[in-house]
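Chains as they are written, first to last, in our numbering: chain A, 268 to 673; chain B, 113 to 515.
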């Protein structure tokens with residue numbers, strides 16, 4: 268019997284070898300690393316570090332194998348995943364189960380992650396349009412802030428959150444138009460211009476906020492963007508509390524993601540944007556108006572970033588403070604770079620950063636300092652990403668370079 | 113219209129001049145007049161906003177000017193002692209802004225945009241406050257020197273990360289310095305916040321997120337005014353010294369020559385045998401040194417203790433961008449830019465502005481003016497068009513006719 272099956276075993280192992288490319292093994296390593304962390308957290312909660320190590324070591328081995336076969340990026344990813352997963356698991360075994368269970372309520376964490384990620388998703392999608400068209404947009408922060416203020420101002424004065432959103436988008440678009448005019452027509456340095464827009468937005472929103480609302484702050488009875496209650500889901504385990512009561516803007520952000528992807532990669536308009544960002548001279552030669560495409564992309568980016576800001580003020584916090592975005596525009600920029608200027612990449616990065624914010628917020632409950640430090644994570648990850656340790660982020664070719672018609 | 117551009121050699125993408133080339137042209141374009149006009153327009157537009165929101169711009173600016181204490185320079189006007197007190201405040205801020213301005217300017221000369229002055233400033237502050245609050249047994253001058261040198265080195269290292277990444281893997285310095293800013297901000301909040309490893313050891317601060325206080329001997333001596341009322345400390349001379357160092361380094365040393373050469377055209381510099389990577393790394397490190405120094409003199413000169421709330425509020429590093437741009441990256445220009453923004457910053461502060469105009473509005477007005485200055489200076493083409501249009505109309509056409 269054994270002899271009879273031997274040739275088949277050979278065939279199978281060949282099939283297996285064909286399926287188990289070094290790349291797949293590397294990916295398996297990444298999954299194992301995540302698994303190592305997962306088993307130390309609720310609901311599994313391995314209380315000794317042995318089990319995570321048992322899982323993390325093969326992750327490292329997979330990584331080493333993948334690297335030795337030339338799959339460096341995936342391989343290093345697996346090694347990083349194994350190390351980080353093991354460390355997280357070790358940290359988890361150090362803290363008490365009650366703490367773990369109070370922090371890691373997964374369904375609540377998922378819902379909170381979406382709340383924190385949504386402004387980032389809007390702004391990152393906006394940033395993608397601008398940067399893919401070749402215009403650096405470090406003014407996302409300012410445009411987001413403008414959206415946050417004018418969104419709440421609009422919702423307050425008109426009594427309707429829909430008009431609030433419209434006014435926010437217009438305000439963001441206006442700031443973006445200024446950025447676009449200086450970057451495209453005046454060929455000013457785009458980073459200097461973006462910095463200026465950030466200052467201007469900070470000053471103008473702060474000024475108008477104090478002028479309009481003074482020390483009392485925004486009134487509490489402002490028309491807010493509603494949550495979407497999904498009646499069928501309410502009592503379903505996990506899904507109910509994670510997705511059953513999310514804000515309308517969170518669902519819209521999913522739509523924006525898909526629309527952005529389709530627009531960017533499945534329509535002629537997207538092709539134009541990308542060609543203008545990679546090689547404007549060639550695009551010009553085939554009859555694409557570089558200026559018009561760039562204006563459109565930058566203004567769209569401002570409107571999207573402003574919608575993200577408006578969600579922050581009238582969908583999430585329900586009030587406005589001076590400089591309330593607190594660097595979220597820069598996190599969105601980081602998400603865009605971390606996600607390699609791609610819609611789903613940027614979305615994934617925004618979710619990851621949103622998750623880290625959510626975790627930071629929950630960690631505050633039992634260790635304030637740990638929660639604070641967690642906020643630096645998006646920036647550290649992005650720094651590592653631009654440094655190219657685990658696969659480099661390479662920007663569009665013509666980014667930051669003004670184009671001059673001939 | 114086209115002729116208003118720089119006479120740059122046409123590259124594969126047409127004639128797109130580098131940042132440094134544009135700045136060099138801008139430098140020649142209009143002496144001191146263009147920054148003056150830029151600032152004037154910015155103040156004018158700020159005034160329009162003030163007027164549009166129902167305040168009197170003239171009295172507002174007058175009150176802000178009074179808060180700066182600059183009238184002290186004109187003998188026999190108003191309340192001398194009050195003006196002196198205000199001017200000391202202005203010069204304290206000017207000191208820090210000169211240094212953070214130099215941090216931006218030096219990198220600019222190498223064709224790098226150091227937007228991370230704020231983070232480098234914070235890192236300098238952290239090191240200064242830690243060194244200044246420990247080793248109480250050290251002699252005063254040695255303690256001060258140690259704190260300043262270590263803070264400057266910390267700033268250099270922080271900026272050096274961005275320089276290293278630029279030099280080795282070509283990571284854009286704007287992205288990496290933005291990330292480093294935020295890492296410095298959150299790192300500082302963690303270090304000095306409640307439960308953080310460097311949280312104040314004093315029991316009275318148990319519930320305040322602050323650092324330990326600088327020991328008395330490590331404080332910078334005050335040479336003008338009352339130390340209790342925040343007189344002007346000797347950090348002012350450190351800033352002046354740095355202006356000289358900046359000028360000499362750039363204009364009288366090989367390093368400065370190389371930095372400027374790389375700033376003008378990295379390719380040509382490389383062809384000429386200059387190590388572009390080394391220049392990037394050194395330019396960022398030197399920039400960071402200036403910003404780290406700024407953090408040190410602020411900490412040892414008047415803050416004496418770091419509160420995490422100030423980490424959120426401080427914008428000294430960011431204003432440095434406007435200072436350097438307004439000063440066109442020259443030593444004297446940076447100082448003058450620092451005086452302008454130092455005055456504006458002080459004149460609109462809650463402490464100094466006594467007026468019917470709310471200081472909270474005024475501090476936002478400062479931001480608006482700052483934004484407008486940066487915006488207009490960034491758009492050098494406007495300026496170039498005004499100043500060089502006529503000359504440049506003929507220049508680039510001649511070689512074309514010859515060919």
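Cβ atoms here follow ideal geometry from the backbone N, Cα and C, with glycine treated the same way. Owing to the predicted nature of the structure, the values given are computational and were not obtained by experimental measurement.
To the nearest angstrom, report how far apart residue 314(A) and residue 321(B) are at their CA atoms.
34 Å
For residue 322(B), name the three-state secondary structure that DSSP assigns.
strand
Which of the three DSSP states, helix, strand or coil, is assigned to residue 496(A)?
strand
Specify the secondary structure class of residue 334(B) as computed by DSSP and reduced to three states.
strand
Straight-line Cα distance separating residue 162(B) from residue 476(A)
14 Å
What does residue 649(A) reach in chain B if we use C-beta pairs closer than 7 Å?
291
Using a beta-carbon distance below 8 Å, is residue 639(A) in contact with chain B?
yes
Contact set for residue 498(A): own chain, Cβ-Cβ below 6 Å, skip 5 residues either direction
none
Since residue 577(A) and residue 431(A) should fall inside the 8 Å C-beta cutoff, what is the C-beta to C-beta distance between them, to a whole number of angstroms?
6 Å
Does DSSP put residue 406(A) in a helix, a strand or coil?
coil
Please confirm if the segment 478-486 of chain A is in contact with the segment 445-460 of chain A, defined as three or more CB-CB distances below 8 Å between the two stretches.
no
What residues from the segment 412-426 of chain B come within 9 Å of chain A, judged by C-beta to C-beta, listed N to C?
420, 424
Classification of residue 424(A) by the beta-carbon crowding that lies within 10 angstroms, buried from 16 upward:
exposed
How about the segment 290-297 of chain A and the segment 323-338 of chain A: do they share at least three Cβ pairs that are nearer than 8 Å?
yes
Of all the CB atoms in chain B, is at least one closer than 8 Å to the CB of residue 361(A)?
no
For residue 419(B), which of helix, strand or coil comes out of DSSP?
strand
Our contact map puts residue 453(B) next to residue 175(B) with C-beta atoms below 8 Å; I'd like the distance itself, whole angstroms only.
Not a contact, Cβ separation roughly 18 Å.
Per the DSSP calculation, residue 579(A) is bridged to which residue(s)?
DSSP lists no partner for residue 579(A).
Return yes when the C-beta of residue 201(B) is under 7 Å from any heavy atom of the ligand MG, and no when it is not.
The ligand MG is not among the ligands present in this structure, which contains no ligands whatsoever.
Looking at chain A, which residues of the segment 314-347 of chain B have a Cβ within less than 7 Å of any of its Cβ atoms?
none
Rounded straight-line distance, which links the Cα of residue 202(B) to that of residue 196(B)
10 Å
From the DSSP output, in three-state form, read off residue 524(A) for me.
helix
What three-state label does DSSP hand residue 412(B) in the structure shown?
helix
For the putative contact between residue 490(B) and residue 459(A), defined by C-beta atoms under 8 Å, what is the C-beta separation to the nearest angstrom?
3 Å
Select from the segment 442-456 of chain A all residues with a C-beta closer than 7 Å to any C-beta belonging to chain B, and list them in chain order.
449, 453, 454, 455, 456
With distance defined between alpha-carbon atoms, name the residue in 471(B), 487(B), 440(B), 256(B) nearest to residue 89(B).
One cannot answer for residue 89(B) here, as it falls past the ends of chain B, which runs 113 to 515.
Here's the rule: buried if 16 or more other CB atoms are within 10 angstroms of the residue's CB, otherwise exposed. What is residue 674(A)?
Coverage of chain A is limited to positions 268 through 673, which leaves residue 674(A) absent and any answer about it impossible.
What does a CB cutoff of less than 8 Å around residue 485(B) pick up in its chain, not counting 5 residues either side in sequence?
150, 151, 154, 434, 437, 438
Give me whichever residues DSSP pairs with residue 513(A) in a beta bridge.
495(A)
Output the boundary residues of the alpha helix (DSSP H) element that contains residue 363(B).
347-364
Please check if any C-beta of chain E sits within less than 8 Å of the C-beta of residue 474(A).
Within the model displayed, chain E is absent; protein chains A and B are what it includes.
Rounded to the nearest angstrom, what separates residue 599(A) and residue 387(A) at their Cα positions?
5 Å
So which residues of chain A does residue 491(B) contact, with C-beta pairs closer than 7 Å?
449, 453, 455
Do the CB positions of residue 410(A) and residue 573(A) come within less than 8 Å of each other?
yes
When you compare the CB of residue 301(B) with every CB in chain A, is at least one pair closer than 8 Å?
yes
To the nearest angstrom, report how far apart residue 421(A) and residue 489(A) are at their CA atoms.
10 Å
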